[in-house]
Amino acid sequence: MTDNRLNRATRAAVAVLAYRIREREQLPEQERVDPDLFALRFLTDMLGRGWRLTNARKPVPWTGNRQPLDPETARRGAELVRQRLGLTHPERREQS
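Heads up: the sequence shown begins at 517 in the numbering used here, then just goes up one per residue.
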């Protein structure tokens, strides 16, 4: 998100919050929601609409275009899992 879009999103959030505060202040004192609950509801609503306090982070490099595992590494990993689970390798079962 560019700084300009972030500023726009911040201004929009401030406008919505100010509107809700003015709306809340018009209610009789006994009908007003607790300030902490009011703030929590506002933030929950904003987060539910995709608003974030900071820009989104760039993806971690290893989560992107990962290279496939070396077949030998994958075979060794699968063998370790089978050993740990007490399973036998399918090829070895057929030989028995």
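Where is the CB? At the ideal position from N, CA and C, for every residue including glycine. Given the structure is predicted, the values throughout are model-derived calculations rather than measurements.
Next item on the list: Look up Gly602 in the DSSP assignment and say whether it is helix, strand or coil.
Entry: In the sequence shown, the residue the question calls residue 602 occupies position 86. Three-state result, Gly602: coil.
Notebook entry, point to check: Alpha carbon to alpha carbon, what distance is there between Leu559 and Leu569?
Noted result: Indexing the sequence shown from 1 puts residue 569 at position 53. Indexing the sequence shown from 1 puts residue 559 at position 43. Approximately 10 Å between the Cα atoms of the pair.
Notebook entry, point to check: DSSP state of Asn520, grouped into three classes?
Noted result: For the purposes of this step, residue 520 is taken as the residue at position 4 of the sequence shown. Residue state, collapsed to three classes: helix.
Margin query: Measuring only the C-alpha atoms, how far is Met517 from Arg591?
Written below: Counting from one through the sequence shown, the residue named residue 517 turns up at place 1. Counting from one through the sequence shown, the residue named residue 591 turns up at place 75. At Met517 the pLDDT is 46, less than 50, meaning the model places this residue with poor confidence; the figure from the coordinates comes in the next sentence. Straight-line Cα distance between these residues: approximately 42 Å.
Item checked: Proximity winner among Asp550, Asn523, Val532 and Leu603, relative to Arg565 (alpha-carbon distances) -> Position 49 of the sequence shown, counted from the start, is the residue given in the question as residue 565. Nearest option by C-alpha distance: Val532.
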